[in-house]
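Here is the structure we will look at.
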Amino acid sequence: MRIQSPNILLKKFNFWLLLLLALTWAFSPIFYISLSSFKLPTNIWNYPPEIKGPFSFHNYRDVIENWPVFFNNLKNSAIITVGTASLTLLLAVPAAYAFSRYRRKWLKLPAFFLIAVRLLPPIAITIPVFPLLNRIGLIDKHITLILLYSAFEVSLCTWIMKTFIDDVPVALEEAAMVDGCSRLQAFLRIVLPLSTPGLVAVAMFTTIFAWNEYLFAFVFTSSASRTAPITLAEFLGAIMGVAWGSLLAAATIHLIPIVILIWILQRFLIKGMQVGAIK
Amino acid sequence: MKTALLSKTQIPYLLIVPVVTLLFVVIVIPEIWAFFLSFTKYSPGFLPIYIGLVNYSKILRDPVFLQVLINNIIFLASTIFFEFFIGFGTALLLFHGFPLQRIWTSLLIAPYAISPVVACVIWKYLLDPSYGVVNYVLSMPGIQPVKWFGTTPSSFIAIIITNVWISSPFIQIIAYSALISIPQEILEASLVDGANAWQRFRHIIIPLITPALLVALIFRLIFAFREFGIPWMLTQGGPGHGTEILSIYLYKTGFRYFEFGSASAVAWIMLVLTALFSISIVRKMYRTIFM
Numbered sequence: 229m230r231i232q233s234p235n236i237l238l239k240k241f242n243f244w245l246l247l248l249l250a251l252t253w254a255f256s257p258i259f260y261i262s263l264s265s266f267k268l269p270t271n272i273w274n275y276p277p278e279i280k281g282p283f284s285f286h287n288y289r290d291v292i293e294n295w296p297v298f299f300n301n302l303k304n305s306a307i308i309t310v311g312t313a314s315l316t317l318l319l320a321v322p323a324a325y326a327f328s329r330y331r332r333k334w335l336k337l338p339a340f341f342l343i344a345v346r347l348l349p350p351i352a353i354t355i356p357v358f359p360l361l362n363r364i365g366l367i368d369k370h371i372t373l374i375l376l377y378s379a380f381e382v383s384l385c386t387w388i389m390k391t392f393i394d395d396v397p398v399a400l401e402e403a404a405m406v407d408g409c410s411r412l413q414a415f416l417r418i419v420l421p422l423s424t425p426g427l428v429a430v431a432m433f434t435t436i437f438a439w440n441e442y443l444f445a446f447v448f449t450s451s452a453s454r455t456a457p458i459t460l461a462e463f464l465g466a467i468m469g470v471a472w473g474s475l476l477a478a479a480t481i482h483l484i485p486i487v488i489l490i491w492i493l494q495r496f497l498i499k500g501m502q503v504g505a506i507k
Numbered sequence: 018m019k020t021a022l023l024s025k026t027q028i029p030y031l032l033i034v035p036v037v038t039l040l041f042v043v044i045v046i047p048e049i050w051a052f053f054l055s056f057t058k059y060s061p062g063f064l065p066i067y068i069g070l071v072n073y074s075k076i077l078r079d080p081v082f083l084q085v086l087i088n089n090i091i092f093l094a095s096t097i098f099f100e101f102f103i104g105f106g107t108a109l110l111l112f113h114g115f116p117l118q119r120i121w122t123s124l125l126i127a128p129y130a131i132s133p134v135v136a137c138v139i140w141k142y143l144l145d146p147s148y149g150v151v152n153y154v155l156s157m158p159g160i161q162p163v164k165w166f167g168t169t170p171s172s173f174i175a176i177i178i179t180n181v182w183i184s185s186p187f188i189q190i191i192a193y194s195a196l197i198s199i200p201q202e203i204l205e206a207s208l209v210d211g212a213n214a215w216q217r218f219r220h221i222i223i224p225l226i227t228p229a230l231l232v233a234l235i236f237r238l239i240f241a242f243r244e245f246g247i248p249w250m251l252t253q254g255g256p257g258h259g260t261e262i263l264s265i266y267l268y269k270t271g272f273r274y275f276e277f278g279s280a281s282a283v284a285w286i287m288l289v290l291t292a293l294f295s296i297s298i299v300r301k302m303y304r305t306i307f308m
């Protein structure tokens, strides 16, 4: 090991200290409630607070026994999340291809439209839409949330996809078409595989959004298609007293899949955000 | 040569139509409908009755609305400031570079993956006035336990802490991406010219990443302006109207007092205010992406 001057060692130490501070700020809350979810309910509020107590699955058993509705909600969340990701991809990818590969004057209008629409506040449509959906019986249905979520995600996802498709050289497609492929085949066999990181980024953004969303789920569902965040919120605000043990366990169950997803696929998320804001 | 199924001119049209249709049906038409509703008195179960500008004048003269507007601005300014402070600071830290960088990055962006509901569960747990970790840590240097959700200022701070916690990874990622896209040659040339770290920072790094940070700033302004979930779940706008922000005001007007006409008016006021922030970014995005 190289011998380093005390000055440099001190600087290194400072940087590591700052990193530790940042990590504590960002991650220790998540770590702490996950850990606490494995404590006995009586130990959750031990004072002085302790990092770990006697290990127990008690809270998780409580959730399974006393809150079976939560698992139904998780199922709804899953259905809506997959539906949103699929619909968004289905709409965004063709549109992105069109914006990327075609230079028509009239495309400027939908392009502007796509960007401008993103900036409208979602809460503003809850008022007009609610009575209408009530009339046609679409309150508390999965498809309602899928359509709403896709509408608010599709704009960002379209231009993320467009940037990824831009990076696929047109020459490759043209070469394929010269060899006898139709435009559709060239798209499926060349553009799509090469822009897979974009597809992953889009899927990630929509998944995170749909799995975690609160406002629309709050307004537009009641029991049949209720998603997990709403039930969690309800238990958090329970007037008869919050069942903290079960709540921590349920919250941990809810956050684990997405946190793991982000860990594995972080570079797609980062690339997607880069593209959305920098390019 | 195979004959195409569709004529060449039709293809881009057909590719765009689905997206535009969805956006039109789900967003544009309701917004227009809300505009018309804002000039009516409309409660569920009754038909809308035209009343002109009454909703708007009532809202603009409502003292609660003024307080709500001020709360919104305070919330907006505070949360953005701290998000940038923490987000940009963390990005600089990562830019400095550490071994096992990917692990640290994953941990640092984890809050972004959390639902606002779970974030509220976390922070309600940490900020418990009697047994929470935060008050415990504060008690060590001898600070009295803070009644986190008991008073307006402390509730505000609690909301801001939670919101900053969940949102600063966004700034962090964008700032970090901007930092790593600074051409190496410029930084190296500055070293050759004898610049120290602070000069490098002020004269090279800051100017080069400012455009990206500006975009991030405007995005966050727009999103923080309409925030609903976290303040609602933590305080419902209380105590009183102390932490009530525009989105909560809208929700209560519509879904508590069932004044859909007034609520639509609030929605359009929000829309106009958001549009004021957004004009510059809409134009910039349009130019960079589609030209």
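So the protein lines, in turn, are chains A and B. My numbering applies: residue 229 is where the first sequence begins, and numbers increase by one. My numbering applies: residue 18 is where the second sequence begins, and numbers increase by one. Even for Gly, the Cβ is constructed at its ideal location relative to N, Cα and C.
B:Ile-120 versus B:Ile-126 - alpha carbon distance: Working through the second sequence from its first residue, we reach residue 120 of chain B at position 103. Working through the second sequence from its first residue, we reach residue 126 of chain B at position 109. Each residue's Cα considered, the two are about 10 Å apart.
Extent of the continuous alpha helix (DSSP H) run through A:Leu-249: Working through the first sequence from its first residue, we reach residue 249 of chain A at position 21. Residues 234-264.
Chain-order list of residues whose beta-carbon lies under 7 Å from that of B:Val-151 (same chain, five-residue window excluded): If you number the second sequence from 1, residue 151 of chain B lands on position 134. Answer for B:Val-151: Leu-143 and Leu-144, listed in chain order.
Rounded Cβ spacing between B:Ile-66 and B:Lys-58 (contact assumed at less than 8 Å): On the second sequence, position 49 is the one that residue 66 of chain B refers to. On the second sequence, position 41 is the one that residue 58 of chain B refers to. Sure, about 5 Å apart at Cβ, within 8 Å.
contact_flag[the region 335-343 of chain A, the region 397-409 of chain A] where n(CB pairs < 8 Å) is 3 or more: The region 335-343 of chain A, when compared against the region 397-409 of chain A, does not touch it at the 8 Å Cβ threshold.
CB contact flag (B:Ala-284, A:Ile-367, <8 Å): One-based indexing of the second sequence puts residue 284 of chain B at position 267. One-based indexing of the first sequence puts residue 367 of chain A at position 139. Between B:Ala-284 and A:Ile-367, the C-beta spacing is not below 8 Å.
A:Ala-479 beta carbon less than 8 Å from that of A:Leu-493: As a position in the first sequence, residue 493 of chain A is number 265, starting the count at 1. As a position in the first sequence, residue 479 of chain A is number 251, starting the count at 1. Going by C-beta atoms, A:Leu-493 is not nearer than 8 Å to A:Ala-479.
Reduced DSSP category for B:Tyr-274 - H, G, I as helix; E, B as strand; rest coil: For this step, residue 274 of chain B is matched to residue 257 along the second sequence. Reduced to three states, the DSSP call for B:Tyr-274 is coil.
Spatial distance of B:Lys-301 from B:Phe-236 (CA atoms): If you number the second sequence from 1, residue 301 of chain B lands on position 284. If you number the second sequence from 1, residue 236 of chain B lands on position 219. Rounded to whole angstroms, B:Lys-301 to B:Phe-236 spans 12 Å at the Cα level.
CB of B:Ile-221 within 8 Å of CB of B:Ile-203, strictly: Translated into the one-based positions of the second sequence, residue 221 of chain B becomes position 204. Translated into the one-based positions of the second sequence, residue 203 of chain B becomes position 186. Yes.
Helix, strand or coil at B:Tyr-67 [DSSP, three-state]: As a first step, residue 67 of chain B must be located in the second sequence, where it is residue number 50. Strand at B:Tyr-67.
Status (buried if at least 16 other CB within 10 Å, exposed otherwise) for B:Ile-97: Locating residue 97 of chain B in the second sequence gives position 80, where the first residue counts as 1. Under this definition B:Ile-97 is a buried residue.
For B:Val-85, the first and last residue of its enclosing alpha helix (DSSP H): Your numbering for residue 85 of chain B matches position 68 in the second sequence. 80-113 is the extent of the alpha helix (DSSP H) around B:Val-85.
Neighbourhood of A:Lys-184 by C-beta distance below 7 Å, restricted to the same chain and skipping five residues each side: As displayed, chain A neither begins before 229 nor continues past 507, which places residue 184 of chain A out of reach and without an answer.
Pair within 8 Å by beta-carbon distance, B:Ser-185 and B:Gly-104: What you label residue 185 of chain B is simply residue 168 of the second sequence in a count that begins at 1. What you label residue 104 of chain B is simply residue 87 of the second sequence in a count that begins at 1. Going by C-beta atoms, B:Ser-185 is nearer than 8 Å to B:Gly-104.
Contacting residues, own chain, Cβ-Cβ under 7 Å from B:Phe-115 (five flanking each side not counted): Along the second sequence, one-based indexing puts residue 115 of chain B at 98. The residues are Trp-121.
Opposing strand residues paired with B:Thr-57 [DSSP bridges]: By one-based count along the second sequence, residue 57 of chain B stands at place 40. In the DSSP output, where bridge partners are listed per residue, B:Thr-57 has B:Tyr-67.
Coil, strand or helix - A:Ala-471 by DSSP: Taking the first residue of the first sequence as 1, we reach residue 471 of chain A at position 243. The answer is coil: DSSP assigns A:Ala-471 none of H, G, I, E or B.
Proximal residues to B:Gly-149 (C-beta, below 6 Å), its chain only, five neighbours per side dropped: If you number the second sequence from 1, residue 149 of chain B lands on position 132. Sequence-distant partners of B:Gly-149 (beyond 5 residues in either direction) whose C-beta falls short of 6 Å from its own C-beta, in its chain, are Leu-143.
Burial state of B:Trp-215, where buried means 16 or more other Cβ atoms lie within 10 Å: Stepping through the second sequence from its first residue, residue 215 of chain B is reached at position 198. Exposed.
Segment contact flag, the region 462-472 of chain A with the region 323-332 of chain A, C-beta cutoff 8 Å, min 3 pairs: no
Cα-Cα separation, B:Thr-26 to A:Thr-424: In the second sequence, the residue the question calls residue 26 of chain B occupies position 9. In the first sequence, the residue the question calls residue 424 of chain A occupies position 196. The alpha-carbon atoms of B:Thr-26 and A:Thr-424 are separated by roughly 27 Å.
Chain B contact residues for A:Val-382, given Cβ-Cβ distances below 8 Å: Working through the first sequence from its first residue, we reach residue 382 of chain A at position 154. The answer, in chain order, is Val-36, Leu-39 and Leu-40.
Contact check, B:Ile-262 vs B:Phe-92, beta carbons under 8 Å: As a first step, residue 262 of chain B is located in the second sequence; it is residue number 245 there, counting from the start. As a first step, residue 92 of chain B is located in the second sequence; it is residue number 75 there, counting from the start. Taking 8 Å as the Cβ cut-off, B:Ile-262 and B:Phe-92 qualify as a contacting pair.
Of the residues A:Ser-305, A:Ser-264, A:Glu-278 and A:Trp-295, the one placed nearest A:Phe-285, counting alpha carbons only: Sequence index remark: in the first sequence, residue 285 of chain A carries index 57 (1-based). Checking every option, the nearest Cα to that of A:Phe-285 belongs to A:Ser-264.
Best match in B:Ile-49, B:Val-289, B:Thr-168 and B:Leu-230 for proximity to B:Phe-187 [C-alpha to C-alpha]: Position 170 of the second sequence holds residue 187 of chain B. Ranking the options by Cα distance to B:Phe-187, first place goes to B:Leu-230.
Rounded separation between B:Arg-243 and A:Pro-349 - CA only: Against the second sequence, residue 243 of chain B aligns to sequence position 226. Against the first sequence, residue 349 of chain A aligns to sequence position 121. Going by the C-alpha atoms only, they are around 6 Å apart.
Cβ-based neighbour list, A:Ala-324, same chain, cut-off 6 Å, excluding 5 preceding and 5 following: Residue mapping note: residue 324 of chain A aligns to position 96 of the first sequence, counting from 1. Counting only Cβ-Cβ distances below 6 Å, and skipping sequence neighbours, we find Thr-386, Met-389, Lys-390 and Ile-393.
Nearest candidate by alpha-carbon position, reference B:Thr-38, set A:Pro-457, A:Leu-476, A:Val-382 and A:Leu-464: On the second sequence, residue 38 of chain B is found 21 positions in, with the first residue counted as 1. The residue with the shortest Cα to Cα distance from B:Thr-38 is A:Val-382.
Burial state of A:Trp-334, where buried means 16 or more other Cβ atoms lie within 10 Å: For the purposes of this step, residue 334 of chain A is taken as residue 106 along the first sequence, with counting starting at 1. Its Cβ having fewer than 16 others within 10 Å, A:Trp-334 is exposed.
Contiguous alpha helix (DSSP H) assignments of at least 4 residues, all confined to the region 186-241 of chain B: 201-209 and 214-217
Whole-angstrom distance between A:Phe-380 and A:Ile-498, CA atom to CA atom: Along the first sequence, one-based indexing puts residue 498 of chain A at 270. Along the first sequence, one-based indexing puts residue 380 of chain A at 152. Their backbone Cα atoms lie some 20 Å apart in a straight line.
Under 7 Å by beta carbon: chain A residues contacting B:Thr-57: Counting from one through the second sequence, the residue named residue 57 of chain B turns up at place 40. Here the premise fails: no neighbours, minimum Cβ distance about 11 Å.
Test: A:Met-389 CB closer than 8 Å to a CB of chain B: For the purposes of this step, residue 389 of chain A is taken as residue 161 along the first sequence, with counting starting at 1. It does not; no Cβ of chain B falls within 8 Å.
Proximity test, Cβ basis, 8 Å: A:Asn-304 and chain B: Here residue 304 of chain A refers to the residue found at position 76 of the first sequence. Cβ-Cβ to chain B under 8 Å: no for A:Asn-304.
Own chain, CB closer than 6 Å to A:Ile-292, minus 5 neighbours either side, in chain order: Position 64 of the first sequence, counting from 1, holds the residue named residue 292 of chain A. So the list is empty, once near-sequence residues are dropped.
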